[in-house]
Structures are given as structure tokens and as C-alpha cells.
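Peer 1:
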Amino acid sequence: MTAHFAIPATTFVLRDIIQRRVTAAYNNFPAPTVSVEPPPRPPATPANTAPTSQPEPAGLYLFLHHVALNAAWRNMHEVRLEPEEPGTTEGPRVGPSPLAVDLHYMLAATGADLEREVLLGLGITALNRRGIVPRSLIRSILSGIAVPHPATRLLDQLTAEPLHDPDSQPQQITVSQMPVDVDLSTKIWSSLQSPMRPCAHFLVTTVFLDLGDSPSTTKEVEKAQVGVRPDPHRSNTLPPGDTVTITGGA
Numbered sequence: 007m008t009a010h011f012a013i014p015a016t017t018f019v020l021r022d023i024i025q026r027r028v029t030a031a032y033n034n035f036p037a038p039t040v041s042v043e044p045p046p047r048p049p050a051t052p053a054n055t056a057p058t059s060q061p062e063p064a065g066l067y068l069f070l071h072h073v074a075l076n077a078a079w080r081n082m083h084e085v086r087l088e089p090e091e092p093g094t095t096e097g098p099r100v101g102p103s104p105l106a107v108d109l110h111y112m113l114a115a116t117g118a119d120l121e122r123e124v125l126l127g128l129g130i131t132a133l134n135r136r137g138i139v140p141r142s143l144i145r146s147i148l149s150g151i152a153v154p155h156p157a158t159r160l161l162d163q164l165t166a167e168p169l170h171d172p173d174s175q176p177q178q179i180t181v182s183q184m185p186v187d188v189d190l191s192t193k194i195w196s197s198l199q200s201p202m203r204p205c206a207h208f209l210v211t212t213v214f215l216d217l218g219d220s221p222s223t224t225k226e227v228e229k230a231q232v233g234v235r236p237d238p239h240r241s242n243t244l245p246p247g248d249t250v251t252i253t254g255g256a
């Protein structure tokens, strides 16, 4: 598992699941594309020009808008330690605790008339029918990506993401629809500077990120020393009657 590809690979798998459902439903009709971009803003209207009412292209948008640490996994495991050394209570630290995150998606639909409602229903159905994404399906989707030779960008290595490997992804990816109130939904649409469209929100859990690095080795403290030095900003002369007592021990 790598922090480079775990999140985008998850998004790619979810988008492919939705796209397959949409393509099958449209059958012989041209199927809209499922995008991972935020829903589009309305086109700018030049000054002194009357706005024109043109049909909005049909499309589905699976937008990742928030990533949060998974509360259940955050403190489930102690820091990985080596076996105890003679004369010590625990071994040295060799690695961090697993980093697990939850992904929050918004699925929004655009289109003319009622087509956007049709698309939203197809997207909701596709994700709910795959409440637990099988590892075999993850492997099939990622292995089907066409990789150019030689690779020209970092994402060309997306096929190497082992989301289907239990050693790298201990839990299977689960998808659940989240209830979102009007206040939060309005804030999200306002931040996108886009008019509100029909949408649904989903929680995808749990994605594990592991860079495979270890904390740097530092020299342990062998001897502690305590010293006293005068404050240069104060007088070295004590007022009459004041005493200073210094105690210490090894």
C-alpha cells in the first residue's frame, strides 16, 4: 500500500462501478460519462448579454470532498515494537501505527429535464449494490487499466496499487450512504460556487495508507546533568535575610 495511489485507486474503482451501471442502463443510447471532478459551474455570461437557457449536458460527478482519520483504527494498535531486549521492558520502536482514513464523496447529477434524476438513481443503486467491494472486482478493475509504455505520469502506476491484497488493505472497502442535512449540503455547494443539483453523499471506509518508512534512529540518553547559572539580567546580590538552598542527588 502506498500513500500515492490508495486514495485515487479507490476513487477509480468506485467510478468504474458506477460507469458500468450507467452504460448497461443506457444500452444502445450514448451513455453519459462519470467524472471525478466537482460539479461544473455555470458558464460565464458576457456583460450586456441576455442569459440564454441551454440544456445542461447529462453527467454524473463522484467528487471526493473530505478525508478523515478512521476513529476505530486510530488508536486500536500500539506503535509496532521489536521483541524485548534483555534488561528492558520493551523493544525499540520500528514503525508507526497503521494510518487508516475514511473517504467522503458527493455524487451529483446534471442534465436536462428528469434525466439527472435518472442518472442519480443509477449511481445510488450502483454504490449501494456494492456495499462491500469484493477484492476480485478491485483486482479486475485495476488490472484493466491501459498503461502506456513508457509511463509518462505518476498515475500511470495506478495499476500497482494492492487494494485487493489483505496484507496491504486489511479491511475490504465498504460503501454506505450518509444522511446529510440541508445546511451541510448548502455549504458544500456554496464552496464549489455551483448551483445545487440532485445529489447523495457516501462514506467509503477504510483505506489504509502506508509509506513503508520507519522513524529515524536516534541515540538514547545515557546521562543527565543539571546545572545552575546566574541570570544575566538580574543582580547577583541577594537582599539581606534571603538564602538559597540547593539540594540534589544522584
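Our numbering applies: residue 7 is where the sequence shown begins, and numbers increase by one.
Glycine residues also receive a C-beta, built at the ideal position from the N, C-alpha and C atoms.
Beta strand (DSSP E) containing aspartate 22: first to last residue?
Peer 2: Not the beta strand (DSSP E): aspartate 22 falls in the alpha helix (DSSP H), residues 12-32.
Peer 1: Just to confirm my understanding: we take leucine 128, look at its own chain, exclude 5 residues before and 5 after, and list those with CB closer than 7 Å. What are they?
Peer 2: In the same chain as leucine 128, and ignoring 5 residues on each side of it, the C-beta atoms closer than 7 Å to its own belong to Arg27, Val28 and Ala31, in chain order.
Peer 1: Taking the straight line between their C-alpha atoms, what separation do you get for leucine 126 and histidine 71?
Peer 2: 18 Å
Peer 1: If I measure Cβ to Cβ from glutamine 199 and keep anything under 7 Å in the same chain, skipping five residues before and after, which residues do I get?
Peer 2: Arg47
Peer 1: May I have the straight-line CA-CA distance separating alanine 166 from glycine 117, to the nearest angstrom?
Peer 2: 35 Å
Peer 1: Any chance the stretch 15-22 sits against the stretch 146-164, with 3 or more Cβ pairs inside 8 Å?
Peer 2: yes
Peer 1: Output the distance between the C-alpha atoms of valine 153 and aspartate 162, rounded to the nearest integer angstrom.
Peer 2: 6 Å
Peer 1: Taking the straight line between their C-alpha atoms, what separation do you get for phenylalanine 35 and leucine 160?
Peer 2: 34 Å
Peer 1: Rounded to whole angstroms, what's the CA-CA distance from leucine 209 to alanine 230? Just pull it up for me.
Peer 2: Taking the straight line joining both Cα atoms gives about 50 Å.
Peer 1: Can you tell which of Pro104, Arg80, Pro63 and Pro61 has the C-alpha that lies nearest to the C-alpha of aspartate 173?
Peer 2: Checking every option, the nearest Cα to that of aspartate 173 belongs to Pro104.
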